[in-house]
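Visitor: Next up is a structure, given as structure tokens.
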Amino acid sequence: MAVTKRIVLRFPKRMVDRPIIYRLVKDFDLEFNILKASITPEQEGLMVLELKGNQAEYDKGIEFLLKGGVKIQSLGQDVTRNEVRCTHCGACVTVCPTGAFRLEPKTMLVTFDNSKCIACGLCIPACPPRAMEVHF
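Under this note's numbering, the very last position in the sequence shown is 157; numbers go up by exactly one each time.
Pasting the structure below:
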């Protein structure tokens, strides 16, 4: 059975120069789409990606990452909107590259579709009441 999952990888600085994604592709036959990456020599690395492949191979790939010291989080849990703080100003709508935010024309309320969110963080500084929060 094929699965597609969006995950956040945090890897220690000792692994920054290793071919982690290459190993996922070659050894576990996984397809990937890098949604966001922050990789600097001698620092901890952060990568948000979508992995697709056979469930058994996906599980083996995740095990490989965990054994190497990579911390893994599901992306769906990382970005939240504080509904009490949100004023529905729409500032987030203009900066979101994936369309996770949408302004409803009839109600003028902003909706947030977490499944479209890639945790890029652009909505954080754009939100005047600071209603958006990213948890890595």
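For each residue, glycine too, the CB sits at the ideal point set by N, CA and C.
Pick helix, strand or coil for R102, following the three-state DSSP scheme.
Guide: The answer is strand: DSSP assigns R102 an E or B state.
Visitor: Should the stretch 28-37 be regarded as contacting the stretch 83-94, the criterion being three or more beta carbon pairs within less than 8 Å?
Guide: Judged by Cβ distances under 8 Å, the stretch 28-37 makes contact with the stretch 83-94, as three or more pairs qualify.
Visitor: Below 8 Å, how does it come out for the stretch 125-140 and the stretch 51-61: are there three or more Cβ pairs, yes or no?
Guide: At 8 Å Cβ cutoff, the stretches touch.
Visitor: Along the chain, where does the beta strand (DSSP E) containing K34 start, and where does it finish?
Guide: Counting along the chain, K34 falls outside any beta strand (DSSP E), and DSSP gives it neither H nor E.
Visitor: At a cut of 8 Å, does the stretch 101-116 reach the stretch 39-54 through at least three beta carbon pairs?
Guide: No: fewer than three Cβ pairs fall under 8 Å.
Visitor: Buried or exposed for G120, going by 16 or more other Cβ atoms inside 10 Å?
Guide: Classification for G120: exposed.
Visitor: I'd like to confirm the pairing. Which residues does DSSP put opposite V131 in its beta bridges?
Guide: Per DSSP, L124.
Visitor: Quick check on the burial criterion: 16 or more other C-beta atoms within 10 angstroms. Buried or exposed for R27?
Guide: R27 comes out buried.
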